[in-house]
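According to mature numbering (1 follows the signal peptide of the UniProt record, and there is no 0), the residues represented by the sequence shown are -19 to -1, 1 to 178, in order.
Positions of the beta carbon are idealized from the N, C-alpha and C atoms, including for glycine.
The structure appears below as structure tokens.
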Amino acid sequence: MQAKQKFTLLTLATGILLAAPVVTYPQAARQKRKRADVIIIPGHPATATGKETPLLKAVLDQAVKLYRRGLASYILVSGGAIHTPAVEADVMAQGLIKRGIPRAAIIRERRARHTGENFALAQPLLANLQLTRAIVVTSAWHMRKASFYARKYGIRHTTSVAPTPQQITEWQVVKNFTLTYSKMLCQLPLAYQRVQK
């Protein structure tokens, strides 16, 4: 097979890979200054020493901006100790406190190991507090997956994408979309499993 044909096939395969989750993982509408009850931040890994990465900083800044606009009364952070010894929810909560968010406004979910669990475990916490409308805040490449699982677990929501930090190159953005969407395709059977009542 000629190099040009190989490149064409590779480009086509990549296009299908990136397009398929758009069909199979529906995403909620973007936030349009409509008030919700809670902002949800699904897990984002910290550094090995428990510090904020540039991406996590951008996500937290976006959530704080929405909170300060009065668009929600609570921020729920979700994530366990997955990629590092640091519990993701604790790192995010400390970051919010440093940015001036009251402790009483922060809800921690400290056990989730992946995106599905972020929302499966958040749902009962929201129900206990009678919080019914959410704004999901995460990165551009993670949003479709996050929105799908929020919908799956019955969380009414809109979305607000955090700006991509300047430290992340265009190549890294493409790589992140490709890796995330590849996982989404592999996880389709799990994604569409019925929720156990």
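Less than 7 Å between C-beta atoms, sequence neighbours within five positions excluded: which residues of the same chain meet that for Leu112?
Asp18, Val19, Tyr55
Hey, could you find the ends of the beta strand (DSSP E) Ser141 is sitting in?
137 to 142
Tell me the DSSP bridge mates of Ile22?
Val58
8 Å contact criterion, which Ala108 and Val117 should meet: CB distance rounded
With a Cβ gap of about 17 Å, Ala108 and Val117 do not count as contacting.
Could you have a look at Ile116 and say whether DSSP puts it in helix, strand or coil?
strand
Opposite Glu90 in the DSSP bridges: which residues?
Ser59
Measure the beta-carbon distance from Arg91 to Ala70 and round it to whole angstroms, keeping in mind my assumption that it falls under 8 Å.
5 Å
Going by C-alpha to C-alpha distance, which of Leu57, Ala86, Tyr48 sits closest to Pro105?
Leu57
Near Gln75, what residues of its chain come up, given a Cβ to Cβ distance below 8 Å and the 5 sequence neighbours on each side ignored?
none
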